[in-house]
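Chains as they are written, first to last, in the numbering used here: chain A, 1 to 679; chain B, 1001 to 1081.
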C-alpha cells in the first residue's frame, strides 16, 4: 500500500503514484447507493466478513478495469466521522491507519446538502479523494441539476456523475480513479473551517497536542474532533499527552463545550457555498413522490394498515412458496438421501452409519431445508429496505415499541424472527444503541420461528383435533404477549427503564435494484449454509453421539440418562423422560423434537407417530409440551449467533437462563391450570 | 426577535416551518443530530406531527424521523406561514 501524504490546505502537494494493486475505500452515508455501487463493481468477486474485533459487517472485493486490478473495501455507511457509533470509528480509523490509496465518496445528487456532510469531513483527511455523484436521475426528476464540473472545481477533487442502479457513468468513474491514482500532484482542496468565533480555540488546541499525536493523525483534524466532543479522540489524546497538557486540554474543552455546533455550522456553511456554485433549479415547491406516498405510509392509522398488509404478504409468500419447497426438500432429498446412504453404509460399523445418516443428514440436512423459507424472507426484506420502506415501518411501530423501552428500529429484526431467529439476531445490527440492541437480541428468541411452528402444526391436530387452529394461534399470540411483557420487565431491570434516542433518516423512495437484493440473499444464504456446516454440524454430531452411546440403544443412551435424571423437572410439566429427551434434542434444531419422539416411540412414520403420542399423553401434557417447546432455550444456531453478536457469554447465558426459566415455569403453570380445569 | 414565540420542535404542527435556535443539552445525541442537518439557524418544515408518537421533519433536503422526547429538546423559532 502506498503512503498517503498530508496535503497542506493551501498548496498542491506532491504524492507518489500508486504501484501494485491499489486499495480503494468506499465511503458514503446510508441510502446513497453505496452497496449498489459496491456490488456493481465487484459482482461475485467479494468477501463478507467482520471488521477485526467488531460485529460489524466488512465487505471487500476486487475488480478489474482496462486490465488493471483494484481492491475495494466497503466502509460502513456513516453520516459523519465523529465517534457517535462504532461504524464511524471504523470508517475513520481505516482511513487514518490503513491508509487506502484512494477514498471514493458516494453522494446523492438528489440530497446533496446532507450527503456532502461526510465529504466535508473526508476532505480534511490526508488521502486521495474522488466523489461519485450518484442518483443524478432521481435528482433530475425532482428538478435538481448538479453541475459536476463546477462542484469538482469548488471542492478540488474529481466529481463523476453516476446512476449506479443502471450502471451509467461507471467507466468515467473508473477512469477518474485511475487518473487520480496516477497523478503526481494533488490539487488544492477546499476544506471547511470551524465558524470564525472558534478558530483561535482550535489553533490553541492544535498547538497543545501537536507534539504528542500518533503519526498519520492530522493535528487540525484532531483538534476539531476534540472540540466536537468526540469521546474516542479525547481518550486517545488523554493517553498521549502529559498530565499538565491534559489538564489544559480539558479546561479548553470544558469552556467550549458548545464548539461542536460551531464546527457543524462551519461544515454546512462550506456545503452551502459548494451548492451555490454547483446546483441549479431547486425543488420548485412541488410535492415529491416520497411526500405523497408518506402521507399514507407514515400515517398512524393507514401506516399500520399498510405495514400489516405488507407483512401479511411476506408471510403469505413464505408459506405458499417456501413451505412446499421445504417439504419437498425434506421428503424428496433428505429422506431418500438418508435411506440411500443407509443402504450404502449397510456394511459399515453402526456408529459410522448413524453418524452420517442421523447426525449429518438428519441434523444438518433438516436445518438446510429451511433455506428456501429464509431466502424468501431475506429477499422480501432486502427489497423493502432497498425501496426505502423499512424506515417507514420502523417509524410507524415506534410508539408500540416504546412500551419495551425499544424504538421502531427493533421491530424489523424481531419480525424476521418469524422466519428464523438467526437472521433476527443478525438483523439487530441496524440498531445503533448497544442497550437497545442487546435487549432486542435477548427478546428475539421469543418470536416463534418456522421450525417451532412446524412442531406446533404437527402436534396440535393430534391433541386438539378441530380446535388445533385456535390452540396454535393462541400459543403464538401468547408468546408474543410474553415478548412484550419480558421487554418491559427486562428494560426496567437491566437498563433501569432507559430508552435510547430515536433519530432516523427517512430515505427517498426509489425503484429497487435487483442485483443488490440478489447479492444480499446470496450472501445471507451462504453464511447460513456455512453455519449449518460448522456449528450446527458439530452440535448435531454431539447430540447424536449422546443418543447412541454407550451401546447403540436410545433408551439406554447417555441422552436417555439425562432425560431420566431431568424427569422430575419434566414432571412439573407432565412430561415423562421421552418428552423430556425430545425437548432436549430440540436444542439442536427445533423440529428435532418430533424426530426424537419418532426414534423413542420405535421409528414410527409421521402420521402414526402423531396418533401414538396423542394416545400416550393427556391433553394437558400435550399443551404443556407445546408451550415449553415454543419457549424453550434457543436452538444451537441461534445461541451461536447470540454469542457472536453480543460478544459476551454472559449475555448468551442470560438469554439461555431466561428462556429456560420462562419455558419451564410457564409450561408448569399451564399444566397445573389445564389439569385443574380438567382438560 | 420575539423570544416569547420560541418553542420546541415537538409543539409545532404539521406543515409549520421554523428555524432551529438550540439543540438542547445533555441528550447525548447532538452529534447525530448535527450530522443529520440539525444546527442552529437551519430551517425545517414539520411534515408530520400527530400530537403523539414520533415526528417527521424535512430539513436540508432530507426527511428525518425523530422521537417526541428528542423533538421536545430542540428549541425552534416558528416562521410566519
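Even glycine gets a Cβ: it sits at the ideal position worked out from N, Cα and C.
Alpha carbon to alpha carbon, how far is residue j from residue i? Give it in angstroms, no decimals.
{"i": "residue 35 of chain A", "j": "residue 58 of chain A", "result": "12 Å"}
{"i": "residue 626 of chain A", "j": "residue 619 of chain A", "result": "10 Å"}
{"i": "residue 238 of chain A", "j": "residue 325 of chain A", "result": "59 Å"}
{"i": "residue 321 of chain A", "j": "residue 368 of chain A", "result": "16 Å"}
{"i": "residue 333 of chain A", "j": "residue 178 of chain A", "result": "50 Å"}
{"i": "residue 484 of chain A", "j": "residue 174 of chain A", "result": "50 Å"}
{"i": "residue 404 of chain A", "j": "residue 1069 of chain B", "result": "16 Å"}
{"i": "residue 215 of chain A", "j": "residue 222 of chain A", "result": "12 Å"}
{"i": "residue 75 of chain A", "j": "residue 38 of chain A", "result": "10 Å"}
{"i": "residue 9 of chain A", "j": "residue 119 of chain A", "result": "With a pLDDT of only 39 at residue 9 of chain A, under 50, the local geometry of the prediction cannot be trusted, and the value read off the model is given with reservation. Taking the straight line joining both Cα atoms gives about 15 Å."}
{"i": "residue 234 of chain A", "j": "residue 89 of chain A", "result": "13 Å"}
{"i": "residue 288 of chain A", "j": "residue 142 of chain A", "result": "7 Å"}
{"i": "residue 401 of chain A", "j": "residue 391 of chain A", "result": "14 Å"}
{"i": "residue 331 of chain A", "j": "residue 314 of chain A", "result": "25 Å"}
{"i": "residue 266 of chain A", "j": "residue 30 of chain A", "result": "22 Å"}
{"i": "residue 449 of chain A", "j": "residue 587 of chain A", "result": "13 Å"}
If I measure Cβ to Cβ from residue i and keep anything under 8 Å in the same chain, skipping five residues before and after, which residues do I get?
{"i": "residue 672 of chain A", "result": "none"}
{"i": "residue 145 of chain A", "result": "139, 279, 280 and 281"}
{"i": "residue 482 of chain A", "result": "446, 631, 662 and 666"}
{"i": "residue 389 of chain A", "result": "297, 310 and 509"}
Verify the CB distance criterion: does residue i have a CB-CB separation below 8 Å to chain A?
{"i": "residue 1029 of chain B", "result": "yes"}
{"i": "residue 1080 of chain B", "result": "no"}
{"i": "residue 1018 of chain B", "result": "no"}
{"i": "residue 1012 of chain B", "result": "no"}
{"i": "residue 1075 of chain B", "result": "no"}
{"i": "residue 1002 of chain B", "result": "In this predicted model, residue 1002 of chain B has a pLDDT of only 48, less than 50, meaning its place in the structure is not dependable; the value taken from the coordinates is given anyway. Not one chain A Cβ lies under 8 Å of residue 1002 of chain B."}
{"i": "residue 1053 of chain B", "result": "yes"}
{"i": "residue 1005 of chain B", "result": "no"}
{"i": "residue 1061 of chain B", "result": "yes"}
{"i": "residue 1072 of chain B", "result": "no"}
{"i": "residue 1046 of chain B", "result": "no"}
{"i": "residue 1066 of chain B", "result": "yes"}
Would you say residue i faces chain B, with C-beta separation under 8 Å as the test?
{"i": "residue 504 of chain A", "result": "yes"}
{"i": "residue 228 of chain A", "result": "yes"}
{"i": "residue 298 of chain A", "result": "yes"}
{"i": "residue 676 of chain A", "result": "no"}
{"i": "residue 407 of chain A", "result": "yes"}
{"i": "residue 386 of chain A", "result": "no"}
{"i": "residue 509 of chain A", "result": "no"}
{"i": "residue 111 of chain A", "result": "yes"}
{"i": "residue 617 of chain A", "result": "no"}
{"i": "residue 501 of chain A", "result": "yes"}
Within its chain, find whatever has a CB closer than 7 Å to the CB of residue i; leave out the 5 residues flanking it on each side and keep chain order.
{"i": "residue 462 of chain A", "result": "610, 611, 613 and 614"}
{"i": "residue 1058 of chain B", "result": "1044, 1045 and 1047"}
{"i": "residue 208 of chain A", "result": "245, 248 and 249"}
{"i": "residue 1012 of chain B", "result": "1018, 1046, 1049, 1076 and 1078"}
{"i": "residue 359 of chain A", "result": "540, 541 and 544"}
{"i": "residue 49 of chain A", "result": "58"}
{"i": "residue 375 of chain A", "result": "521 and 525"}
{"i": "residue 42 of chain A", "result": "61, 62, 63 and 72"}
{"i": "residue 452 of chain A", "result": "590, 629 and 630"}
To which residues of the same chain is residue i closer than 6 Å at the C-beta, ignoring the five residues directly before and after it?
{"i": "residue 416 of chain A", "result": "423, 424 and 427"}
{"i": "residue 201 of chain A", "result": "256"}
{"i": "residue 51 of chain A", "result": "58 and 90"}
{"i": "residue 572 of chain A", "result": "668"}
Are there three or more Cβ pairs, one per stretch, closer than 8 Å when the region 91-106 of chain A is compared with the region 18-32 of chain A?
-> yes
Interface residues of the region 114-135 of chain A facing chain B [CB-CB below 7 Å] | 114 and 117
Scan the region 62-93 of chain A for residues whose Cβ lies nearer than 7 Å to a Cβ of chain B and list them as they occur along the chain.
-> 79, 80, 82 and 84
Residues, ordered as in the chain, of the region 334-360 of chain A that lie near chain B by beta-carbon distance below 7 Å = none
What residues from the region 252-273 of chain A come within 7 Å of chain B, judged by C-beta to C-beta, listed N to C?
-> 260, 261, 264, 265 and 268
Listed from N- to C-terminal order along the chain, which residues in the region 41-56 of chain A have their beta-carbon within a distance smaller than 8 Å of any beta-carbon of chain B?
-> none
Just by C-beta distance, which residues in the region 1030-1044 of chain B are closer than 8 Å to chain A?
-> 1030, 1031, 1032, 1033, 1034, 1035, 1036, 1037, 1039, 1040, 1041 and 1042
Evaluate contact between the region 471-482 of chain A and the region 421-437 of chain A, counting only Cβ atoms and requiring at least three cross-stretch pairs below 8 Å.
-> no
Does the region 339-358 of chain A touch the region 544-555 of chain A, meaning 3 or more C-beta pairs lie closer than 8 Å?
-> yes
Can you list, in chain order, the residues of the region 392-417 of chain A whose Cβ is nearer than 9 Å to any Cβ on chain B?
-> 392, 394, 395, 396, 398, 399, 402, 407 and 408
Any contact of the region 162-176 of chain A with the region 300-320 of chain A, i.e. 3+ C-beta pairs under 8 Å?
-> no
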